[in-house]
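Following the working numbering, the numbering of the sequence shown begins with 320 at its first residue and continues without gaps. Yeah, the Cβ is synthetic: ideal placement off N, Cα and C, and Gly gets one too. These notes concern the structure reproduced below.
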Amino acid sequence: MPSSFPSPHQPPWLRNFLAIWAGQSISQLSSAVTQFALIWWLVRETNSAHILATATIFALAPDIVILPLVGTLVDRWDRRAIMLAADGSMAFLTLALAILFTTDTMILPCIYLYQLATSAGRAFHRSAMVAATRQLVPPSFLPRVQGFNTFLWGASRLLIPPLAALLITVVNLQTILIIDVATVACSMVPLLFLRLPCLKANNQSSSAATDKEGFWRHLTGGVTYLSAHRELLALLVCVALGGLLLLPAFTYLPLLVKNHFRGGAQELAWLEAAWGGGILCGGVLLSLRKSGDRQVQIMLTAMIGVGLGYGCLTALPATMFFWTLPIMLLIGIFCAAASAPINTIFQTKVPGNSLGRVWVIHELVSGIFSPAGLALSALLADSLGVRMIILICGLLYGGSAIIGFFIPALRSLDLDS
């Protein structure tokens with residue numbers, strides 16, 4: 320842990336935050352194993368880009384439909400209670416899916432509904448955790464905390480694919496689901512027993528909570544805030560491009576492994592682990608960087624690197640699978656450097672009492688464009704093939720970042736830092 324963090328005898332914000340962060344991390348790692356196992360089950364059973372895209376679209380649907388409401392509720396309700404309710408609901412749904420597999424009554428629509436419902440729970444949980452972090456962590460430490468979050472993201476992508484591939488060969492899918500249910504306790508126990516401040520936006524009056532007009536004014540507060548800050552709107556364009564172009568490229572990697580490189584679950588695990596290793600390295604670098612670094616320049620440069628990386632990946636012949644691993648490692652490093660500055664900018668520049676609503680718009684923008692990108696790519700997959708789809712998405716993403724260097728509103732975020 321970096322030495323610049325407060326020591327244990329100082330105010331207990333660090334102890335409390337790390338306890339919550341560790342519990343949530345264990346639960347997220349287990350959920351990542353479940354997602355890998357479910358995706359490979361779909362690939363193995365269907366070998367269909369359309370079904371893979373449909374399952375992903377169902378997982379993204381709540382980001383479009385309920386996220387505006389989520390942001391408002393997160394800014395008005397106790398964020399700890401929201402996280403507890405979301406964790407409990409997702410555990411129940413995962414248990415129900417395990418029962419369906421055990422009784423051999425699983426049908427494809429159940430997978431779609433599971434993706435839809437658990438995604439709604441994650442939408443509440445994600446927004447509440449972001450807003451609660453803003454309350455628990457001093458502003459000067461937020462960039463380093465984001466670096467640790469990126470480190471966790473990378474660690475999960477590094478460790479989970481090999482673990483999931485191993486578990487798939489040792490135990491059945493329902494056992495993996497039961498393990499996921501059990502780990503939810505790790506995320507709920509710290510929230511239940513730690514002494515924490517009321518994780519609720521602290522400028523909400525009791526009358527506002529019952530006033531319908533106040534509710535709708537609160538609901539549109541994020542849009543109002545962003546409309547007065549053009550530089551943040553420009554940043555949202557980068558978020559939209561990530562959802563539109565990068566998600567299809569990553570979603571079709573299992574099919575690229577199976578159909579082009581003639582690999583199986585183990586090869587997919589190596590590929591995703593290499594990507595996770597890159598994110599892990601990127602998270603370490605981000606946690607060590609100075610707070611005054613030019614975050615927009617880092618983000619745009621990294622976006623170009625991601626685009627070129629996907630271009631190189633698809634250019635490899637089928638007999639050169641080994642070379643996909645260093646390429647995915649570099650893509651992971653660039654992904655970390657492209658995503659973390661976006662989160663840090665929003666958390667440091669948006670006031671805490673508006674962050675929940677503004678963050679939801681950030682999630683909503685990505686959520687709207689991601690299904691659009693998947694739907695369009697699914698339509699073109701039969702005629703172009705997933706290899707060409709990944710190449711086109713990568714090159715468009717990198718090319719758009721070059722344009723970003725010439726957008727004054729976006730560059731002004733660095734000038735203000």
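Other residues of its chain near residue i: CB distance less than 8 Å, five sequence neighbours each side excluded
{"i": "Leu482", "result": "Val352"}
{"i": "Ala737", "result": "Any question about residue 737 goes unanswered here, given that the chain covers just 320 to 736."}
{"i": "Pro727", "result": "none"}
{"i": "Arg445", "result": "Glu682"}
{"i": "Ser524", "result": "Interpretation of Ser524 is limited by its pLDDT of 46, a score under 50 that renders its predicted location unreliable; the figure taken from the coordinates is listed afterwards. So no residue of the chain qualifies."}
Residue i: first and last residue of the uninterrupted alpha helix (DSSP H) it sits in
{"i": "Ala547", "result": "Premise fails: Ala547 is in no alpha helix (DSSP H) and is neither H nor E."}
{"i": "Tyr571", "result": "No alpha helix (DSSP H) holds Tyr571; DSSP gives it neither H nor E."}
{"i": "Trp396", "result": "Here Trp396 belongs to no alpha helix (DSSP H), and DSSP marks it neither H nor E."}
{"i": "Asn335", "result": "332-365"}
{"i": "Val500", "result": "492-512"}
{"i": "Leu715", "result": "705-723"}
Under 8 Å between C-beta atoms of residue i and residue j
{"i": "Leu427", "j": "Phe377", "result": "no"}
{"i": "Gly651", "j": "Ile711", "result": "no"}
{"i": "Ala574", "j": "Leu371", "result": "Here residue 574 is Leu; the residue named in the question, Ala, does not match the sequence. Yes, the Cβ-Cβ distance between Leu574 and Leu371 is below 8 Å."}
{"i": "Leu649", "j": "Thr643", "result": "no"}
{"i": "Thr494", "j": "Ser346", "result": "no"}
{"i": "Leu627", "j": "Ile709", "result": "no"}
{"i": "Ala584", "j": "Ala484", "result": "yes"}
{"i": "Ser554", "j": "Ile664", "result": "Ser is not the amino acid found at residue 554; the sequence shown has Leu there. Cβ distance < 8 Å, so Leu554 and Ile664 count as in contact."}
{"i": "Ala637", "j": "Phe580", "result": "yes"}
{"i": "Ile661", "j": "Val556", "result": "no"}
{"i": "Gly723", "j": "Ala655", "result": "no"}
{"i": "Ser685", "j": "Gly561", "result": "yes"}
{"i": "Val576", "j": "Leu587", "result": "yes"}
{"i": "Ile430", "j": "Leu348", "result": "no"}
{"i": "Leu412", "j": "Tyr433", "result": "yes"}
{"i": "Ala417", "j": "Ile497", "result": "yes"}
{"i": "Leu563", "j": "Leu552", "result": "no"}
{"i": "Trp678", "j": "Val449", "result": "yes"}
Own chain residues within Cβ distance below 6 Å of residue i, not counting five before or after
{"i": "Gly624", "result": "Phe653"}
{"i": "Phe443", "result": "Val389, Ile401, Ala405"}
{"i": "Leu477", "result": "Ala592, Gly595, Gly596, Leu599"}
{"i": "Pro690", "result": "Ile376, Leu379"}
{"i": "Ser408", "result": "Gly440"}
{"i": "Leu695", "result": "none"}
{"i": "Leu693", "result": "Ala372, Thr375, Ile376, Pro567"}
{"i": "Met618", "result": "Ala657, Pro660"}
{"i": "Ile646", "result": "Gly628, Cys631, Leu632"}
{"i": "Ser438", "result": "Ala378, Pro381"}
{"i": "Ala341", "result": "none"}
{"i": "Thr424", "result": "none"}
{"i": "Leu486", "result": "Ile495"}
{"i": "Val669", "result": "Val677"}
Sequence-distant residues of its chain with Cβ nearer than 7 Å to residue i (five each side left out)
{"i": "Val464", "result": "Thr452, Val456"}
{"i": "Ser731", "result": "Glu550"}
{"i": "Ala447", "result": "Val393, Arg398, Ile401, Met402"}
{"i": "Ala368", "result": "Tyr571, Leu574, Ala697, Ala700, Val705"}
{"i": "Ile721", "result": "Ile623"}
{"i": "Ser350", "result": "Asp499"}
{"i": "Gln616", "result": "Asp733"}
{"i": "Leu492", "result": "Ala356, Trp360, Phe420"}
{"i": "Ile358", "result": "Pro573"}
{"i": "Gly582", "result": "Val576, Phe640"}
{"i": "Arg363", "result": "none"}
- Item | In chain order, each alpha helix (DSSP H) run of at least 4 residues that lies wholly inside the segment 625-674 | Listed in chain order, the complete alpha helix (DSSP H) runs (minimum 4 residues) inside the segment 625-674 are 643-668.
- Item | Runs of alpha helix (DSSP H) lying entirely within the segment 400-461, each at least 4 residues, in chain order | 427-455
- Message: Would you call the segment 585-593 in contact with the segment 716-725, where contact means no fewer than 3 C-beta pairs closer than 8 Å?
- Response: no
- Message: Restricting to runs no shorter than 3 residues, where is the beta strand (DSSP E) found entirely within the segment 367-394?
- Response: Correct list: empty.
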